[in-house]
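Down below is the structure, laid out as structure tokens.
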Amino acid sequence: MSAPITPGAPLRPLIEARGVTMRFGGVAAVAGVDFTLGEVELRCLIGPNGAGKSTFFKILTGQLKPTEGTIRLRDTDITGAEPHAIARLGVGIKTQVPNVFNGLSVHENVFVAAGRRKSLARTRAIVDETLTRLGLTGIARSLVGQLAHGQRQWVEIATVLAQEPELILLDEPAAGMTHDEVHRTAALIREINRTHALIVVEHDMPFIRMIAKTVTVFNQGRILVEDSVDRVLADSRVRDVYLGKQAA
Amino acid sequence: MTPSRPSPAVGLSLLGFLATLALGLAILFGAPRTLDTFGLVQCTGFAALAMFGLSQGFVWGFAGVMSFGQAAFLGLGGYAYAVSVINLGDSTLPVLIAIVVPMLFAGLLGYFMFYGRISDAYIGVITLTVSVILFQLVNATSGSQYRIGAAELGGFNGIPAIPALNLPGHPDEPLDNDGLWYAAMGALVLAYVLLRAVLASRFGRVVVAIRENETRAQLIGYDPRLYKLLAFMIAAGVAGLAGCLYANWGGFISPTVFGLSMSAQVIIYVLVGGLGTLVGPMLGAVLIQWLIIAAGSQTVVDSNLGLGLVLVGFVLLVPQGLVPVVRGLLLRLIERRTPSRPAPEAGGALATERAR
Amino acid sequence: MDLAGLLAFNVVTGIATLVLITLGLGVIYGMMRIINLAHGEFMMLGAYTAVMASGAGVNIWVAMLVLPPLVVGLIGLVLERTVIRFLYGRMMDTMLATWGVSLGLIGLVTTLYGNVVRGVSTPVGSFDIGRYGASLYSLVIVAAALAALVGMFLLLRLTKFGLILRATMQNPRMAAALGVAPNRIYMATFALGAALAGLAGGVLAPISGVSPAMGAAYIARAFITVLGGGPAIITGTGLASGLFGTINELVSFKTTPVIGDVALLAAAILLIRVLPQGITGRYLRRSL
């Protein structure tokens with residue numbers, strides 16, 4: 001598996017971004033990004049703080065409307081669509097700062113996520129399955145706002161899974177987790193990837209090594225390099241941007 | 001996997017519902033047997049205003065919509081009933097009109113507010129402004145040229161001699177004092193049960209979820225604008241029904257129902273009773289109205305002064321309101337009586353840690 | 001032609017009135033992000049100050065233009081120290097508390113002076129625009145509005161206090177790090193906003209009935225103008241007053257003042273559907 005994976009190689013891309021640019025005032029947080037992800041592919045996004053990864057996620061999920069460029073999800077142009085509309089097309093996201101319903105119980109959080117346009121029986125089945133899968137059954141009745149940070153991350157991942165998306169975006173899923181929790185998260189991501197496409201933003205290199213096949217490196221709003229995990233981590237340019245030097 | 005045990009709060013919530021329902025029914029059938037006519041008529045007014053409190057408690061406490069002009073819907077409901085019953089005679093359709101007109105108005109206003117994505121503070125200001133301007137508008141309808149069918153709007157004098165409710169099809173037999181009591185209190189109990197059902201439904205859970213975190217609700221695929229709009233319209237319908245009962249209670253309605261102090265009073269009901277409960281705003285309404293009447297017999301101090309002090313005092317000192325405070329005390333009492341069981345949240349989290 | 005002249009005069013007066021009744025609200029909202037629901041009652045207190053002072057024999061100009069801002073500014077200062085300062089960062093609670101203050105002030109004034117309408121006589125006469133007579137007092141309103149607007153601009157632009165205000169507005173923590181106590185600034189801002197409301201009440205006292213509930217007649221227009229104007233205090237108040245004042249006067253002229261207010265509200269709701277942050281939320285963001 002050492003051959004470079006060229007973007008757009010899968011027969012039918014799941015998501016395809018072309019020339020996506022996001023300017024805030026005079027600053028381009030994302031500048032002309034072309035990005036393609038295949039069906040059931042797992043991609044890691046890395047890059048220093050401020051490289052534009054989270055902004056790119058916000059554009060993919062409709063939380064920000066790009067200044068330029070187009071995004072297609074299969075055959076649908078989703079550029080500038082409302083977040084709820086994109087979510088209904090099958091995109092789920094765990095955001096960097098946990099977005100959960102603090103005043104509701106763990107069970108209610110997952111129930112609300114699972115229950116959109118499904119029968120009650122089906123919803124209940126999804127909720128039970130998701131809670132079991134993530135080991136949250138024991139705290140199902142607890143208020144999410146009173147849980148530890150790591151647990152809240154898991155609740156958020158549970159809500160994302162419960163909405164049964166086809167593409168899952170995870171923004172720093174391992175942040176603030178214990179060593180043990182990080183391992184469980186990596187195992188979970190590999191398991192999800194058997195049936196779903198994922199894009200994962202992370203800074204934790206050992207974690208990246210645990211899950212990644214292909215890695216895309218962002219720097220200053222652009223894609224610096226996109227290659228297999230081994231080559232990317234051996235790339236001197238990648239080291240330079242992480243150490244704060246300017247890439248050539 | 002061990003089945004999760006419901007926390008005391010969940011059990012208490014169901015208990016609270018049943019207790020409130022039982023209390024409501026007991027008052028409904030008990031009051032005519034124990035009170036004199038004057039007391040019963042006074043309680044009919046309390047029921048109408050408790051319904052108004054219910055509407056504010058739902059939209060503000062559960063949907064998180066800062067409607068500071070709920071009096072607009074109370075007034076629209078009252079005037080819609082008065083105008084249509086004067087024209088139609090039979091009161092059945094006018095009651096529906098009193099519910100539907102405020103809902104449609106809320107739909108129009110809410111569309112601009114929620115689909116414009118304006119901030120919570122702006123929603124408060126706009127709703128308040130709308131009620132003030134409706135007040136000014138209705139206040140300026142003096143003269144016989146301002147009439148809808150047979151009903152003269154009457155400007156600041158309002159509409160007198162509004163026909164009372166009647167049994168469907170019998171417009172010549174208006175309800176007496178007992179009948180109006182049963183109608184008002186029965187409607188209040190029914191509205192409470194219906195709103196509890198709405199909150200327990202999937203729609204209600206999403207409404208509360210959006211209050212908790214609008215971004216997450218969107219990212220799951222719900223359109224917060226639509227849910228807020230619907231919740232706003234439901235609350236407007238309840239307020240409209242309250243306005244209909246209020247007009248029936250006095251047989252009279254005037255622009256003061258649209259006034260700022262009406263919107264302020266209902267905010268105070270909710271704040272005193274407890275934001276985030278349905279029973280709190282109803283109790284708050286009765287308590288505050290009773291205090292206003294009790295204070296009304298003296299002429300030294302204006303009642304607005306007392307209301308203002310209550311509002312400032314609760315915001316500063318008891319922002320959660322009375323019902324949640326009492327409920328918290330009850331919960332602590334229950335937990336102390338069952339010491340073997342750890343606190344629900346901490347216990348659940350610990351159990352999971354051990355399971356790992 | 002005479003009619004057009006009168007109409008133009010009325011539009012300018014309408015705009016000036018909006019500026020006067022909005023500026024104090026806009027200062028507190030722009031600087032502190034607090035919507036002061038007691039704004040109308042601050043105006044009412046200003047009007048009462050004018051009535052009481054002129055009744056006690058104070059020169060009418062002093063009673064209208066000098067005492068109301070001083071008295072109401074002081075009242076604002078006291079309220080900020082006793083109520084508002086405990087609620088910073090809790091937007092909803094500050095709105096509720098100021099609403100409570102509003103009710104309390106109405107109740108207090110009713111208790112002290114009774115629920116009756118008082119008045120001050122207009123200190124100047126009238127003049128003719130062609131065949132129509134117009135009140136000279138309108139010119140006083142226009143002058144007061146201009147003076148308030150220009151004064152605020154100079155205060156923000158030229159003084160050290162203005163610089164600190166602008167810095168705190170931009171970034172409270174940064175200002176704190178530079179040794180400026182944000183609490184002091186908020187206190188001063190709230191008093192300044194109250195003083196401006198007091199001035200508006202004093203200036204408008206001769207042309208409006210002075211009663212405990214008079215604030216309600218003004219706040220709808222003041223709120224609409226602040227929402228329409230957006231975060232920039234002076235530019236926002238100026239632009240929104242210009243837009244809404246014109247609409248209000250023209251519609252009022254064709255119909256009645258009440259319909260004029262309805263048109264104002266409709267225009268504002270349409271405006272915020274397009275510009276949810278008000279005019280200066282989208283355009284001219286860096287202005288004052």
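If you're matching them up, the sequences are chains A, B and C in order.
Position 121 of the first sequence, counting from 1, maps to 121 under UniProt numbering, and the rest follow consecutively.
Position 191 of the second sequence, counting from 1, maps to 191 under UniProt numbering, and the rest follow consecutively.
Position 203 of the third sequence, counting from 1, maps to 203 under UniProt numbering, and the rest follow consecutively.
We put the beta carbon where it would ideally sit given N, CA and C, even for glycine.
Source: prediction; values computed, not measured.
With a threshold of 16 other CB atoms inside 10 Å of the CB of Leu271 of chain C, please say whether the residue is buried or exposed. As a first step, residue 271 of chain C is located in the third sequence; it is residue number 271 there, counting from the start. Buried, because 16 or more other Cβ atoms sit within 10 Å of the Cβ of Leu271 of chain C.
Unbroken stretches of the alpha helix (DSSP H), 4 residues or longer, contained in the segment 23-68 of chain C: Correct list: 39-55.
If you scan the segment 33-89 of chain B from start to end, which runs of the alpha helix (DSSP H) of 4 or more residues do you find wholly inside it? Every unbroken stretch of the alpha helix (DSSP H) spanning 4 or more residues and falling wholly within the segment 33-89 of chain B is given here in chain order: 37-56, 71-88.
Inspect the beta-carbon positions of Gly78 of chain B and Cys244 of chain B and report whether they are closer than 8 Å. Position 78 of the second sequence, counted from the first residue, corresponds to residue 78 of chain B. Position 244 of the second sequence, counted from the first residue, corresponds to residue 244 of chain B. Taking 8 Å as the Cβ cut-off, Gly78 of chain B and Cys244 of chain B qualify as a contacting pair.
Once you ignore the five residues that flank Ile259 of chain C on each side, which residues in its own chain have a CB closer than 8 Å to its CB? The count along the third sequence starts at 1 and reaches residue 259 of chain C at position 259. Cβ neighbours of Ile259 of chain C beyond the five flanking positions: Val251, Ser252.
Under 6 Å Cβ to Cβ from Ala285 of chain B, same chain only, skipping five residues before and after it: list those, please. Here residue 285 of chain B is taken as the residue at index 285 of the second sequence, counted from 1. Beyond the five residues adjoining it in sequence on each side, Ala285 of chain B comes within less than 6 Å, by CB distance, of Leu49, Ala50, Gly53, Tyr269 in the same chain, given in chain order.
When the Cα atoms are used, what is the spatial distance from Met31 of chain C to Tyr186 of chain C? Mapped onto the third sequence, residue 31 of chain C falls at position 31. Mapped onto the third sequence, residue 186 of chain C falls at position 186. Tyr186 of chain C has its alpha-carbon roughly 8 Å from the corresponding atom of Met31 of chain C.
Report the CB separation of Gln136 of chain B from Pro83 of chain A in whole angstroms; it is logged as a contact under 8 Å. For this step, residue 136 of chain B is matched to residue 136 along the second sequence. For this step, residue 83 of chain A is matched to residue 83 along the first sequence. The pair is not a contact, with the Cβ atoms about 39 Å apart (cut-off 8 Å).
Spatial neighbours of Val162 of chain C within its chain, please: CB distance less than 7 Å, with the 5 preceding and 5 following residues excluded, ordered by chain position. Counted from its first residue, the third sequence places residue 162 of chain C at position 162. Before going further, note that residue 162 of chain C is Gly rather than Val in the sequence given. Taken in chain order, the residues that qualify are Leu155, Leu156.
Which ranges would you report for the alpha helix (DSSP H) in the segment 219-265 of chain B if only whole runs of at least 4 residues count? For the segment 219-265 of chain B, whole alpha helix (DSSP H) runs of length 4 or above, ordered along the chain, are 224-250.
Should Val229 of chain A be labelled buried (16 or more other beta-carbon atoms within 10 Å of its own) or exposed? As a position in the first sequence, residue 229 of chain A is number 229, starting the count at 1. Buried.
For Pro13 of chain A: DSSP bridge partner residues: For this step, residue 13 of chain A is matched to residue 13 along the first sequence. Note: Pro13 of chain A sits in a beta bridge opposite A:Gly38.
Between which residues of its own chain and Leu70 of chain C is the CB-CB distance below 6 Å, once the five residues before and five after are set aside? Here residue 70 of chain C corresponds to residue number 70 of the third sequence, with the count starting at 1. If we look at Leu70 of chain C and ignore the five residues flanking it on each side, it has no Cβ neighbours.
Using the rule of at least 16 other Cβ atoms within 10 Å of the residue's Cβ for burial, across every protein chain shown, is Trp61 of chain C buried or exposed? As a working mapping, residue 61 of chain C is identified with position 61 in the third sequence. A residue is called buried when at least 16 other Cβ atoms come within 10 angstroms of its Cβ; Trp61 of chain C does not meet this threshold and is exposed.
Does the beta-carbon of Arg43 of chain A have 16 or more other beta-carbons within 10 angstroms, so that it is buried, or is it exposed? What you label residue 43 of chain A is simply residue 43 of the first sequence in a count that begins at 1. By the neighbour-count rule (16 or more Cβ atoms within 10 Å), Arg43 of chain A is buried.
May I have the straight-line CA-CA distance separating Ala145 of chain C from Ile148 of chain B, to the nearest angstrom? Translated into positions along the third sequence, residue 145 of chain C becomes position 145. Translated into positions along the second sequence, residue 148 of chain B becomes position 148. Whole-angstrom Cα-Cα distance: 42 Å.
Could you pull the DSSP bridge partners for Ile223 of chain A from this structure? For the purposes of this step, residue 223 of chain A is identified with residue 223 of the first sequence, where counting begins at 1. According to DSSP, Ile223 of chain A bridges with A:Phe218.
In chain order, what residues of the segment 161-180 of chain A put their CB closer than 8 Å to some CB of chain B? Among the residues of the segment 161-180 of chain A, those with a Cβ less than 8 Å away from any Cβ of chain B are Gln163, Asp180, in the order of the chain.
For Ile258 of chain C, go through chain B and note every residue whose CB falls closer than 7 Å to its CB, in chain order. What you label residue 258 of chain C is simply residue 258 of the third sequence in a count that begins at 1. In the sequence as presented, Ile is not what sits at residue 258 of chain C; that position holds Val. Here the neighbours are Gln136, Leu137, Ala140.
Could you pull the start and end residues of the beta strand (DSSP E) that Phe127 of chain C belongs to? On the third sequence, residue 127 of chain C is found 127 positions in, with the first residue counted as 1. It spans 126-129 - the beta strand (DSSP E) in which Phe127 of chain C sits, taken as one unbroken run.
Below 7 Å, is the gap between the Cβ of Asn171 of chain C and the nearest heavy atom of the ligand SAM? Inclusion of the ligand SAM in the displayed structure is not the case, the ligand content being empty and no account of it being possible.
Below 7 Å CB to CB, which residues in the same chain sit around residue 249 of chain A once its five sequence neighbours on both sides are set aside? Because chain A in this structure spans residues 1 to 248, residue 249 of chain A falls outside the shown range and cannot be described.
Just the Cα atoms here: how many angstroms apart are Asp240 of chain A and Gly47 of chain A? As a position in the first sequence, residue 240 of chain A is number 240, starting the count at 1. As a position in the first sequence, residue 47 of chain A is number 47, starting the count at 1. The straight-line gap from Cα to Cα measures roughly 11 Å.
Would the beta-carbon of residue 362 of chain C fall within 8 Å of that of Ser102 of chain C? Nothing can be reported for residue 362 of chain C: it is not among the residues displayed for chain C, which extend from 1 to 288.
Does the distance from the C-beta atom of Leu265 of chain C to that of Ile219 of chain C stay below 8 Å? Within the third sequence, numbered from 1, the residue matching residue 265 of chain C stands at position 265. Within the third sequence, numbered from 1, the residue matching residue 219 of chain C stands at position 219. No, these two residues do not count as a Cβ contact at 8 Å.
Report yes or no: is there a C-beta of chain A within less than 8 Å of the C-beta of Trp247 of chain B? Start at 1 with the first residue of the second sequence, and residue 247 of chain B comes out as number 247. According to the sequence as given, residue 247 of chain B is Ala; it is not Trp. Ala247 of chain B does not count as touching chain A.
With a cut-off of 8 Å on the beta carbons, I'd call Val112 of chain A and Ile234 of chain B a contact; round off their distance for me. Residue mapping note: residue 112 of chain A aligns to position 112 of the first sequence, counting from 1. Residue mapping note: residue 234 of chain B aligns to position 234 of the second sequence, counting from 1. With 8 Å as the limit, Val112 of chain A and Ile234 of chain B do not qualify as a contact, their Cβ atoms being about 19 Å apart.
Residues of its chain near His149 of chain A, where Cβ-Cβ distance is below 6 Å and the 5 sequence neighbours each way are ignored: Here residue 149 of chain A refers to the residue found at position 149 when the first sequence is read from its first residue. Only Gly176 meet the Cβ criterion.
In chain A, what lies closer than 7 Å to Gly212 of chain B by C-beta? Position 212 of the second sequence holds residue 212 of chain B. A small fix is needed here, since residue 212 of chain B is Glu in this sequence, not Gly. What Glu212 of chain B touches in chain A: Phe101, Asn102, Gly103, Leu104.
With a 10 Å radius around its C-beta and 16 neighbouring C-beta atoms as the bar for buried, classify Glu191 of chain A as buried or exposed. In the first sequence, residue 191 of chain A corresponds to position 191, counting from 1. Result: exposed.
Given 8 Å as the limit, is there contact between the segment 252-265 of chain B and the segment 125-139 of chain B, that is, 3 or more CB pairs closer than that? The segment 252-265 of chain B vs the segment 125-139 of chain B: in contact.
Note down the Cα distance separating Thr123 of chain A from Val59 of chain B, rounded to an integer number of angstroms. One-based indexing of the first sequence puts residue 123 of chain A at position 123. One-based indexing of the second sequence puts residue 59 of chain B at position 59. About 27 Å.
Secondary structure of Lys94 of chain A, DSSP reduced to three states: Residue 94 of chain A sits at position 94 when you count from the first residue of the first sequence. It is a strand residue.
Please confirm whether Leu188 of chain B has its beta-carbon closer than 8 Å to some beta-carbon of chain C. Taking the second sequence and counting its residues from 1, the one referred to as residue 188 of chain B is at position 188. Not closer than 8 Å to any Cβ of chain C, the Cβ of Leu188 of chain B fails to qualify, so no.
For Ile71 of chain A, which residues of its own chain have a beta-carbon under 6 Å away from its beta-carbon, when the five flanking residues on both sides are left out? In the first sequence, residue 71 of chain A corresponds to position 71, counting from 1. Result list for Ile71 of chain A: Ala17, Ile78, Thr79, in chain order.
Would the beta-carbon of Val127 of chain A fall within 8 Å of that of Asp171 of chain A? Within the first sequence, residue 127 of chain A is the residue found at index 127, counting from 1. Within the first sequence, residue 171 of chain A is the residue found at index 171, counting from 1. The answer is no: Cβ separation not under 8 Å.
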